[in-house]
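Asker: Below is one structure. I have some questions about it.
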Amino acid sequence: ADGPGEYKPVTDERLANPEPENWLMTKGNYAGWSYTPLEQITTENVSKLRPVWSAATGKDKGHEAPAIVNGRYMYVATPENQVLAFDSKTGRTLWRYTREMPEGFGALHMTNRGVALWGDKVYVASIDCMLQALDAKTGELVWESEVCDWQTESAYITSAPLVVKGQVIVGPSGGEFGVRGFIKAFDAETGKELWTTYSVPGPGEPGHDTWPQDGKWKDAWKDGGGTMWMPGNYDVKNDVIYWGVGNGAPWPGDQRPGDNLYLTSVLSINPDDGKIAGHFQYHWNDSWDWAAMNAPSLVEFEKDGKKVSGLISAQRNGYLYWLDRAEDGEITFDHAVPYVHNNVFEKLDPKTGRPTYNEEAKVGTGKTATYCPSLWGGKDWFYQAYNPKTQMLYIPFNDNHCMTLTGLVQPIIPGQWSAGVDINKLDLKADKDFPYIGGVQAWNVNDRKEVWKETYAGSWNFGSILTTAGDLIFVGGTNDRMFRAYDAKSGDLLWEFPTPSGIISPPSSFEIDGKQYIAVVSGYGVDAQWIQGKMAKQAGWEESVPEGGSVWVFALPDEK
Ligand SMILES: O=C(O)c1cc(C(=O)O)c2c(n1)C(=O)C(=O)c1cc(C(=O)O)[nH]c1-2
Ligand SMILES: [Ca+2]
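Residue numbers (mature numbering (1 follows the signal peptide of the UniProt record, and there is no 0)): 1 to 560.
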């Protein structure tokens, strides 16, 4: 029978130079581009795209994992500790792995952002803090290792792991529970723990002096947040990892005075020992839950007429950053502009990028502040995409929303919200008569200008973007359940398809027997759904988007 056949082991070389026909990691390549070099599906023919197969995942809640593809083997992680393996061509189920949820387990974000591949194994982190290695052909558990302790640390894992040089690297979430962020590396073969790197430096480490002991909490650094809850990127040539660091805990910054390195920063890290080589902090003393968890994309852009190696990132704080990256991992500020309305930053130091604050808009203990964008930011966790052909960065964004918060003192009790604001009073405010909230922006990375913009009058956008060598972008993310294709150069809408639920998983692309496929998982939930409920009250939107996960695979019809 026409089965999936042999499994082709994943090597460092394959991850460093991924074949166009596969999608071996979350963002498609180590540079974090979410780009496929496949070009069979084009602006000319995309209107003919139609579903080839689909499959229910059997789960509700937010599906945030892409379809990861190695030849005829496709892997989709879902909420509640499940991994599904399909024949990517036929959709036939190959295996299904489920790890039982521990009794009494709860987490703020019940989701999973996907698997990683290396050798003959599939790696997935379960939400209850365990990293699993599964046999890629059978789904059998090969080893598991503890990353964190959900009961004592209030940590949980939603991130996809990143594999670099035979090490599986992942970090937990828990920035609203006082978790001090870290990533841990494990031997991909054995599961042996290799190194741990904390985002907040301890006593004696560089940067620790940015946590003076004169605030509300004497040892604020110990519970200061900075979770590293999204997979990083990797500069293969210079052997440097780039990883994003999340928000401060608790949210009101006056309870932990100082700049608070390395909260809301990007770190460069040596993959061999986990040592921090460089950093850039987007904003100091974070007081807005403007986490910087997304690692910037590794891009070459023009500067003074020359191409330089840089980093580009649309940050939750509403600014779009161009950073320089050196061979040794040093990161320096180059340029930043707001891509959505921000009422907090009065100006940025042109040399360092350090912002000056409008103090009225800074949340404090016993102090109410209204700030824009709201905590969900100009862009939350979903992935931007970079297309080397168009030299454009595609940003899924949300604008015209603000937030009013009052800081409180909330002691840390395991398993309890301790973000220093009342969770029932997260007062999200869409602007009066807002013309739109969600949308997509395309920016030229060289002249640093917006090229086109699409906007959604009736929805937020919680959708990661895939861009292609066929000059397309694919994106879902809206509450009308649509999956859309746009012309990457002009922003013209070329195709749309309604899926059973809303799409918050990153699209991916692969090729089998000379045919290009686009895969995406439908399944609304988590914060997108929470916001939908809040918008129902103030803008009359539907209360919720129907939930239920399903995998969708699209292709062009066969030539007659
Ligand atoms: O601080 C953290 O550790 C943490 C973790 C997560 C997560 O793991 O999903 C989110 C957030 N923060 C967060 O601030 C946030 O807006 C958010 C949205 C989502 C989602 O899946 O829609 N997760 C998270
Ligand atoms: Ca957070």
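For glycine and all other residues, C-beta sits at the position ideal for the given N, C-alpha and C.
1. Please list, following the chain, all residues that have a C-beta closer than 6 Å to any non-hydrogen atom of ligand 2.
2. If you pair each beta-carbon of the segment 377-384 with each one of the segment 454-465, do three or more pairs fall below 8 Å?
3. Say the cut is 7 Å; is the CB of GLU80 nearer than that to a heavy atom of ligand 1?
4. Residues in its own chain within less than 7 Å of GLY533 by CB, not counting five upstream and five downstream?
5. Please report how far the alpha carbon of TRP495 lies from the alpha carbon of VAL46, in whole angstroms.
6. So is the beta-carbon of ALA536 under 7 Å away from any non-hydrogen atom of ligand 1?
7. Got a sec? Which residues, its chain only, sit under 8 Å from VAL308 by beta carbon, not counting five neighbours each side?
8. Under a Cβ-count criterion, where at least 16 other Cβ atoms within 10 Å of its own Cβ denotes burial, should THR78 be classed as buried or exposed?
9. Can you give, in chain order, each stretch of the beta strand (DSSP E) that sits fully within the segment 76-162 and has at least 3 residues?
10. Give a yes or no on contact between the segment 212-227 and the segment 247-265, applying the rule of three or more CB pairs nearer than 8 Å.
11. The beta strand (DSSP E) with GLU13 in it runs from where to where?
12. Buried or exposed for ILE437, going by 16 or more other Cβ atoms inside 10 Å?
13. Grab the span of the beta strand (DSSP E) containing GLY181 for me, first residue to last.
14. Curious, which full-length beta strand (DSSP E) runs of at least 3 residues does the segment 468-536 contain?
15. At the level of alpha carbons, what is the spacing between ASN70 and TRP221?
16. Helix, strand or coil for THR210 per DSSP?
17. Measure the CB-CB distance between GLN167 and ASP187 and report whether it falls below 8 Å.
18. Grouping DSSP H, G and I as helix and E and B as strand, with all else coil, what is ILE423?
19. Kindly identify the DSSP beta-bridge partner or partners of HIS283.
20. Whose C-beta lies closer than 7 Å to the C-beta of PRO498 among residues of the same chain, with five residues either side of it excluded?
21. For the structure I just gave you, are there three or more beta carbon pairs, one from the segment 467-476 and one from the segment 341-349, closer than 8 Å?
22. Under three-state DSSP, which class holds SER313?
23. If you measure from the beta carbon of LYS192 to each beta carbon in chain D, is any gap under 8 Å?
24. Taking 7 Å as the cut-off, is the C-beta of THR111 nearer than that to any heavy atom in ligand 1?
25. With 16 other CB atoms within 10 Å as the buried threshold, where does GLN410 fall?
26. Leaving out the 5 sequence neighbours to the left and right, which residues in its chain are closer than 8 Å to PRO161 when beta-carbon positions are compared?
27. Within 10 angstroms of its Cβ, does ILE127 collect 16 or more other Cβ (buried), or is it exposed?
28. Which residue wins for smallest C-alpha separation from HIS63, given the options SER509, MET535, SER501, PRO557?
29. Span of the beta strand (DSSP E) holding PHE333?
30. Below 7 Å, is the gap between the Cβ of ALA160 and the nearest heavy atom of ligand 1?
31. To which residues of the same chain is GLU454 closer than 6 Å at the C-beta, ignoring the five residues directly before and after it?
32. What are the boundary residues of the beta strand (DSSP E) that includes HIS401?
33. Answer yes or no: the CB of GLY253 versus the heavy atoms of ligand 1, is any distance below 7 Å?
34. Buried or exposed: where does LYS59 fall if 16 or more other Cβ atoms within 10 Å of its Cβ makes it buried?
35. For the beta strand (DSSP E) holding PHE554, just list the boundary residues, first then last.
36. Go to PHE462, then tell me how far its beta strand (DSSP E) extends in each direction, as first and last residue.
Answerer: With the structure as the only source:
1. GLY175, GLU176, GLY246, ASN247, ASP289, ALA291
2. yes
3. To locate residue 80, count along the sequence shown from 1; it is residue 80. No, the Cβ of GLU80 stays beyond 7 Å of every heavy atom of ligand 1.
4. Position 533 of the sequence shown, counted from the first residue, corresponds to residue 533. These residues qualify, in order along the chain: GLU543, SER544.
5. Numbered from 1 along the sequence shown, position 495 holds the residue referred to as residue 495. Numbered from 1 along the sequence shown, position 46 holds the residue referred to as residue 46. In this structure, the CA atom of TRP495 is about 7 Å from the CA atom of VAL46.
6. In the sequence shown, counting from the first residue as 1, residue 536 sits at position 536. For ligand 1, not one heavy atom lies less than 7 Å from the Cβ of ALA536.
7. Translated into the one-based positions of the sequence shown, residue 308 becomes position 308. Cβ neighbours of VAL308 beyond the five flanking positions: GLU300, PHE301, GLU302, ASP324.
8. Translated into positions along the sequence shown, residue 78 becomes position 78. Label assigned to THR78: buried.
9. 82-87, 93-98, 116-118, 121-125, 130-135, 141-146
10. yes
11. Within the sequence shown, the letter at position 13 stands for residue 13. Looking at the DSSP string, GLU13 is not in any beta strand (DSSP E); the run it does join, the alpha helix (DSSP H), is 12-16.
12. By 1-based counting over the sequence shown, the position of residue 437 is 437. Buried, because 16 or more other Cβ atoms sit within 10 Å of the Cβ of ILE437.
13. Reading the sequence shown from its first residue, position 181 is the one you call residue 181. Element bounds for GLY181: n/a, residue is neither H nor E.
14. 472-475, 482-487, 493-498, 508-512, 515-522
15. Here residue 70 refers to the residue found at position 70 when the sequence shown is read from its first residue. Here residue 221 refers to the residue found at position 221 when the sequence shown is read from its first residue. About 42 Å.
16. The residue you call residue 210 lines up with position 210 of the sequence shown. Helix.
17. Residue 167 sits at position 167 when you count from the first residue of the sequence shown. Residue 187 sits at position 187 when you count from the first residue of the sequence shown. Note that the C-beta distance between GLN167 and ASP187 is below 8 Å.
18. Translated into positions along the sequence shown, residue 423 becomes position 423. In the three-state DSSP reduction, ILE423 falls in the helix class (H, G or I).
19. As a first step, residue 283 must be located in the sequence shown, where it is residue number 283. DSSP output for HIS283 lists no bridge partner at all.
20. Against the sequence shown, residue 498 aligns to sequence position 498. Within the same chain, PRO498 has close Cβ partners ARG481, MET482.
21. no
22. Along the sequence shown, read from residue 1 onward, the residue named residue 313 stands at position 313. Strand at SER313.
23. The structure shown contains no chain D; it is built from a single protein chain.
24. The residue given as residue 111 occupies position 111 in the sequence shown. Result yes, Cβ under 7 Å from ligand 1.
25. The residue you call residue 410 lines up with position 410 of the sequence shown. Buried.
26. Mapped onto the sequence shown, residue 161 falls at position 161. These residues qualify, in order along the chain: VAL115, ALA116, TYR123, VAL124, ALA125, LEU131, VAL168, ILE169, VAL170, PRO231.
27. For the purposes of this step, residue 127 is taken as residue 127 along the sequence shown, with counting starting at 1. That one is buried.
28. Counting from one through the sequence shown, the residue named residue 63 turns up at place 63. For the residues SER509, MET535, SER501, PRO557, the minimum Cα distance to HIS63 belongs to SER501.
29. On the sequence shown, position 333 is the one that residue 333 refers to. Here the beta strand (DSSP E) through PHE333 covers 331-338.
30. Taking the sequence shown and counting its residues from 1, the one referred to as residue 160 is at position 160. Result no, Cβ not under 7 Å from ligand 1.
31. What you label residue 454 is simply residue 454 of the sequence shown in a count that begins at 1. Here the set comprises GLY439, VAL440, GLY491.
32. In the sequence shown, the residue the question calls residue 401 occupies position 401. HIS401 -> beta strand (DSSP E) spans 401-406.
33. Start at 1 with the first residue of the sequence shown, and residue 253 comes out as number 253. No, ligand 1 has no heavy atom inside 7 Å of this Cβ.
34. Residue 59 sits at position 59 when you count from the first residue of the sequence shown. LYS59 is buried by the Cβ-count criterion.
35. Taking the first residue of the sequence shown as position 1, residue 554 is located at position 554. Where PHE554 is concerned, the enclosing beta strand (DSSP E) stretches over 550-555.
36. Looking up residue 462 in the sequence shown gives position 462. PHE462 -> no beta strand (DSSP E), and no H or E assigned at all.
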